[in-house]
Every structure is written in C-alpha cells, then in structure tokens.
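Enquirer:
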Amino acid sequence: MKMAKIEQILEKYGSDPAEIQEILLDVQEEEGYLSQDSLRLLSEKLSLPLSKLYHMATFYEALSLKPLGRYQFQVCTGTACHVRGASRVLDELNTELKINPGEVTPDLNFGLKTVNCVGACALGPVVVVEGKYYGNMSALKVKDLLKHYAKLAKAEQKN
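Note that the working numbering gives residue 91 to position 89 of the sequence shown, counting from 1, and the numbers run on in steps of one.
(1) Where does the unbroken alpha helix (DSSP H) through Leu95 begin, and where does it stop?
(2) I need the DSSP call for Val29, collapsed to helix, strand or coil.
(3) Please state if the CB of Val117 and the CB of Pro78 are separated by a distance shorter than 7 Å.
(4) Any chance the region 90 to 107 sits against the region 50 to 58, with 3 or more Cβ pairs inside 8 Å?
(5) Could you compute how far the alpha carbon of Asp39 sits from the alpha carbon of Arg86?
(6) From the DSSP secondary-structure annotation, give me the bridge partner or partners of Leu114.
(7) Flag this pair as yes or no: are the beta carbons of Gly137 and Val128 separated by less than 7 Å?
(8) Please state whether the Cβ-Cβ distance between Gly113 and Gly71 is less than 7 Å.
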C-alpha cells in the first residue's frame, strides 16, 4: 500500500493509537489484507510495538495477514443452514471456485470461508457476500451468484 494512503487513514483518525482497530480495518479494506509493510509503517507512525499489531491482526477474525479476495463468500454452517443443505452449497462453491474455505482464487477476486451462524436461520442455507445475504441457496443459485460477482470483478478490473 502506498504510504500516502496510510497517511490519509491516519489523518482520518488523528493518528490516535487508541483508534488502532479502526485504522487496521481501513488499511485492510484498502489493501485487501494487512501486509508486513503496512504494519511496519503503522508501528512506526503510531509508536506502537509491531508485535502488538501482529497480535491484533491474528486475534481478531475480521483482520487478516493474507489476501482475502475482492469478494468474500461466507457460507453459514450453523445448525439450521447445515440441516438445509449448507454442505452442498459449500461443495458447489469449492468446485466452481476451485478453492477450499480459507483460500483465495489466484486472481484474488474471490475468497471462501465458513461461518458458524449469520443469524438468518429461516433463510438457510445462507451465503453472505459484501454484507448481502443470499438465502435458500442451491447449487444452481450458487452458479448464478458467481456469474454476478464475476461480472462485477471484471468490470472493476477495467476501471
């Protein structure tokens, strides 16, 4: 990530070390993950030990030291979704994306992860992408959903 962008993020929070969690989230949103270079720069600029930043990045599930993929497909595997076929939905995503949960596609467009419950049990099985809930998922719906996000990813790459 460019130093100027990190400077903008720090300026937004007044370079206040107490805002480190929000700062890390903003850096990750901009960069797609928390790179070593970004963490070193934040450590230096905020006078915080690098070890503290690594601790936070590994402790909080919302933060990642690995690229996440532009679009994260989160498959709910809670009880209600499991009973309604979440494993078939997950299998279809595995097959179509050619990745397992916790991995990202080589082009960094898509990531896949499982989550315990998204609180939309009546809609199960549920897939969440970009904060949007897709309910009553099936293998066919997975294919349509992937086509939609592949089209978005392609359009973004043109810009």
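Where a beta carbon is used, it is the ideal one built from N, C-alpha and C, also for glycine.
Computed from a predicted model, the values in this text were never measured in an experiment.
Expert: The relevant details are as follows:
(1) Start and end: 88 to 99.
(2) helix
(3) The amino acid at residue 78 is misidentified as Pro; the sequence shows Cys. Taking 7 Å as the Cβ cut-off, Cys78 and Val117 qualify as a contacting pair.
(4) no
(5) 43 Å
(6) Answer is Phe75, bridged to Leu114.
(7) yes
(8) yes
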